[in-house]
Amino acid sequence: MVAGPPAEAPQTDAAAPTGGAAAPERAWRYVRDGVVRYWPLYPFAALGLLIRWLAVTVWFPTCPQPTFFGEVVNTEGCVQTGWGDAFYFTTQGKLLADGHGFVNPTTWLLGATDPTIPQYLPGAGHPPMYSAFLGFLYRIGIDEPAAQRYVFPFIGALGVVLIGMAAWKIAGRRGKVVGMIAAGIAATYPMLWINDFRYLSESIYIPMIAVLVMCLYRFWRAPSFGNAALVGAVLGVAGLTRGEGFFILACTVPPLLWGMRDRTWAWRIKSALVTGGVMAAVLAPWILYNVTRFDPPMLITSGTGVVLLHGSCDEAFYGPRIGYYAFECAEALPTREVDPYIHFEEEQDLVSREISRAYIMDNLSQVPIVALARVGRMWDLYPPAPLEGVELNDTLEQRGYWPSLTGLLYYWALLPFAVYGAVVLRRRKVPISPLLGIALAVTITAAASFGVTRYRVPVEVPLVMFAAVGIDAAIGRLRRRGASEDAEPTSSEDADEAPTLAAR
């Protein structure tokens, strides 16, 4: 944390509007900064697009048929869109495009063959943004999952540019170089591009996190209620995409405000209220919608109980799979004969919470150990089996074996540079709390649920940014060391020239 923004910020945010600027001038400034200024990032975006396009079309094409029911052959090396979360998203998106609203895809499918199950029950198993995005694609005529997957390489390329821009903005005078390094990493880093062929919400979440980072640092460089509101708006949109939005709010904004020592406590409290209020306003329509259609009311999602359940059984608390999820945990749910309403999402959520709570209370002494295992797995630093995550990511998460393995090695290689980059930023009096706060938020999420690599996606963005700063600083240090060695004086005349040479 730092005492606040410097009197002369290391790099002003040229996109910040000035009071006297006319609207056309401000619009041109945005165009100039967003298109012209960051042109060095575009070749890396093209590289990222190529890699992601190959992943979608060649390396991991769409499986030939849905896999929700029955055994399907020839699914190795392809992405299944008719199973698990992907089935939920694509089916709900199609039903939304057809005018049925946010419907429970499971009961819609089961009800097609079983008249005792209502088809059009409310569904909020996930936050709505990704289903809404797929619904938009269906609406404009991109009406097959295989065709929709071709959209996500372009979103991934956008993410490359935004990550490069975010790194550019925080790095001060070295911004251009650091931004290019960050964009190069983002283009090639498997832990990012895996999400663009997986047909899950993380694909659209990565650009949001990059925008959030830019907004947080914009707020630091130019503290105002308007910029506080902008942070809240982006956090609200992120919260409608994935569930840890509130944790990110709690872990990033308060530390950033705490560091603004030149501002009064009253101003900082008001800014926090503005950020939280705008985030709540963005979330409010979805929350009110859910309150009116679920009994008992659900808020952001009805899937929390199911997530807790899949991490609350012996298979997930003990043995070789400790800290991961286990499908065996769901066997504790009652059948329809016992609970006729178990397919209703609100009923399933409540029952899952009760089962999870009872199991956790019966195994309370094991909870700290399990939480540590979950966090270790999520960070891919689980000591007993460091490569086990690769196998699980391939077989259960469908992230592919070789992308998971190369992604893990790439990730381990980035970690020391990321740590060094955080130290460098701290020495430059640039706050690192926004980036560390995102890391803390996903750590809390993993500790409370289970440890999967996919949950780390939000922190991959600041990881890349930290690493880019660290790589640039390390190269600069090596160059200075080499220059100082070359300039080492050998005579009295050389001694007079040495400081000048070393300063170049």
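Note that the numbering used here has the sequence shown beginning at 5, numbered continuously upward.
Ideal placement from N, C-alpha and C gives every residue a C-beta, glycine not left out.
For residue i, is the classification buried or exposed, using 16 other Cβ atoms within 10 angstroms of its Cβ as the cut-off for buried?
i	result
Val278	buried
Ser306	buried
Pro227	buried
Ile349	Looking at the sequence itself, residue 349 is Glu, so the reference to Ile does not match. So Glu349 ends up on the buried side.
Pro372	exposed
Phe140	exposed
Arg381	buried
Trp383	buried
Thr447	buried
Ile213	buried
Met365	exposed
Tyr345	exposed
Glu358	exposed
Gly127	buried
Trp290	buried
Asp200	buried
Leu413	exposed
Trp269	exposed
Leu368	exposed
Val62	exposed
What is the C-beta distance between residue i and residue j, in whole angstroms, given that I count them as a contact (C-beta under 8 Å)?
i	j	result
Pro194	Pro407	5 Å
Gly52	Ala191	3 Å
Phe251	Thr449	6 Å
Val165	Ala187	7 Å
Thr457	Asn397	6 Å
Leu244	Pro387	Contact flag wrong, Cβ pair sits at about 36 Å.
Leu260	Pro28	Not really, about 33 Å apart at Cβ, beyond 8 Å.
Ala472	Gly411	That belief does not hold up - the Cβ atoms of Ala472 and Gly411 are roughly 17 Å apart, past 8 Å.
Val394	Leu409	5 Å
Can you tell me the Cα-Cα spacing of residue i and residue j, whole angstroms?
i	j	result
Trp271	Phe156	41 Å
Leu196	Ile208	11 Å
Ala151	Asn231	38 Å
Ile479	Ile210	28 Å
Pro435	Lys173	13 Å
Met302	Asn294	6 Å
Pro149	Gly168	29 Å
Gly88	Gly486	55 Å
Pro466	Thr85	29 Å
Val379	Val463	13 Å
Leu400	Lys433	43 Å
Ala129	Leu113	Checking the sequence, you will find Gly at residue 129 rather than Ala. Taking the straight line joining both Cα atoms gives about 15 Å.
Phe158	Asn108	29 Å
Val427	Ile146	46 Å
Thr296	Arg267	42 Å
Thr111	Pro122	7 Å
Gly38	Gly247	29 Å
Pro47	Leu162	12 Å
Lys180	Leu292	44 Å
His104	Phe421	49 Å
Gly240	Met218	15 Å
Asp476	Leu204	33 Å
Asp343	Leu337	9 Å
Leu513	Arg340	This structure leaves residue 513 out entirely; the chain is present only between 5 and 508.
Asp17	Glu206	Any reading at Asp17 needs caution, since the residue's pLDDT is 44, under 50, leaving its predicted position unreliable; the model's value is listed next. One C-alpha to the other measures close to 28 Å.
Glu392	Arg265	45 Å
Thr117	Tyr124	13 Å
Ile189	Leu100	36 Å
Trp43	Ala417	28 Å
Arg484	Arg178	15 Å
Val461	Leu419	15 Å
Please classify residue i: does DSSP put it in a helix, a strand, or coil?
i	result
Val456	coil
Thr94	helix
Thr296	helix
Thr110	helix
Pro390	coil
Thr339	coil
Thr66	strand
Val434	coil
Pro122	coil
Val76	Because the pLDDT of Val76 is 47, which lies under 50, any placement of that residue in the model is unreliable, and the question is left without a value.
Thr71	Bear in mind that a pLDDT of 49 at Thr71, under 50, signals an unreliable position, so the number given afterwards is only what the model happens to contain. Residue state, collapsed to three classes: coil.
Subject >> Three-pair Cβ contact test at 8 Å for the stretch 442-451 versus the stretch 250-261 >> reply: Cβ pair count under 8 Å is three or more, so yes.
Original post:
For the stretch 80-98 against the stretch 326-336, are there 3 or more C-beta pairs whose distance is under 8 Å?
Top reply: No, the stretch 80-98 is not in contact with the stretch 326-336.
**OP:** Count the C-beta pairs between the stretch 280-288 and the stretch 233-247 that are closer than 8 Å, then say yes if the count reaches three, no if not.
**Re:** Yes, the stretch 280-288 is in contact with the stretch 233-247.
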